[in-house]
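If you want the numbering used here, it's the position in the sequence shown, counting the first as 1, plus 5. All C-beta atoms, glycine included, are put in the ideal place defined by N, C-alpha and C. Model, not experiment: these values are computed from the prediction. Report on one structure; see the data block that follows.
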Amino acid sequence: ADVGAQLIANIDDPQAADAQSVCPGYKASKVQHNSRGFTASLQLAGRPCNVYGTDVDSLTLSVEYQDSDRLNIQILPTHVDSTNASWYFLSENLVPRPKASLNASVSQSDLFVSWSNEPSFNFKVIRKATGDALFSTEGTVLVYENQFIEFVTALPEEYNLYGLGEHITQFRLQRNANLTIYPSDDGTPIDQ
């Protein structure tokens with residue numbers, strides 16, 4: 006945190022660049038399926054925008070079906086090693102991660118993840134029984150920088166959203182018109 010650029014959070018700065026307008030997003034390739042999900046490479050789809058840090062040019066997408074009603078989607082820089090791992094992973098001691106059940110599989114799941122590269126990489130989590138999109142980034146761009154990550158989704162009124170990101174506060178996220186989660190100056194997580 007001491008070596009990062011001193012920036013005002015974009016929600017507090019009306020003059021801030023709109024990352025959705027100026028960033029290129031990513032394109033997925035090298036998709037590899039297995040019985041519990043799939044992985045893919047995500048490459049920056051154009052010139053870096055570097056609006057709130059430095060764009061990460063290569064990401065790895067991992068989708069794991071963990072139980073009939075739970076899945077895990079991770080998007081991480083391709084090059085994570087001991088020098089930067091603490092930037093992207095919270096300790097298991099702080100945030101224990103659920104493990105996949107032994108019989109978890111794509112075919113046994115109540116959920117399905119679809120994705121597209123049009124106009125850039127986006128994904129949907131769909132409930133198989135109804136076809137309802139539970140979470141969708143369609144029509145938006147993924148912005149992934151060393152100090153800023155943004156993906157956009159629309160949520161219905163009275164939504165209940167659980168487990169978005171790894172954070173130490175409550176598991177159920179608060180309902181807000183524009184939910185933004187960021188660390189406070191003293192390092193305490195804040196849900197706003």
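Cβ-based burial, V118 [other Cβ within 10 Å; buried from 16]: Buried, since its Cβ has 16 or more Cβ neighbours within 10 Å.
Enclosing alpha helix (DSSP H) for V27 [first to last residue]: V27 -> alpha helix (DSSP H) spans 24-27.
DSSP three-state assignment for A138, whether helix, strand or coil: In this structure, A138 counts as strand in the three-state DSSP scheme.
Contact check, Y57 vs A24, beta carbons under 8 Å: It is a contact, given that the beta carbons lie within the stated cut-off.
Short Cβ contact (8 Å threshold) for P82 with A50: No, Cβ-Cβ distance for P82 and A50 is not below 8 Å.
Reduced DSSP category for S121 - H, G, I as helix; E, B as strand; rest coil: If DSSP states are grouped into helix, strand and coil, S121 belongs with the strands.
8 Å contact criterion, which C54 and V27 should meet: CB distance rounded: So it is a contact: roughly 5 Å between Cβ atoms.
A134 classed as buried or exposed, judged by whether at least 16 other C-beta atoms fall within 10 angstroms: Its Cβ having fewer than 16 others within 10 Å, A134 is exposed.
Helix, strand or coil at A90 [DSSP, three-state]: A90: helix per DSSP, three-state reduction.
Pick from T88, A105, N165 that is closest to R41, judged by C-alpha positions: Nearest of T88, A105, N165 to R41, Cα basis: A105.
Opposing strand residues paired with Y31 [DSSP bridges]: Per DSSP, L49.
Euclidean distance between Cα positions of Q198 and L107: Given a span of 6 to 197 for the chain in the structure shown, any question on residue 198 remains unanswerable.
Rounded separation between F43 and Y31 - CA only: Looking at the backbone, the Cα of F43 and that of Y31 are separated by about 17 Å.
Cβ-based neighbour list, R132, same chain, cut-off 7 Å, excluding 5 preceding and 5 following: Here the set comprises D115, L116, L139.
Alpha carbon of P188 to alpha carbon of S121, nearest angstrom: Legend: pLDDT at P188 = 46, less than 50; position of this residue unreliable, no value from coordinates given.
C-alpha distance - L66 paired with P161, whole-angstrom precision: Looking at the two C-alpha atoms, the distance is approximately 26 Å.
Distance, E143 Cα to A21 Cα: When rounded, the distance between both Cα atoms is 23 Å.
Buried versus exposed, by CB contacts within 10 Å (16 or more), L99: By the 10 Å Cβ count, L99 comes out exposed.
Residue nearest to S125 in terms of C-alpha spacing, selected from P19, L47, V61, N39: Taking each of P19, L47, V61, N39 in turn and checking the Cα distance to S125, the smallest one comes out for L47.
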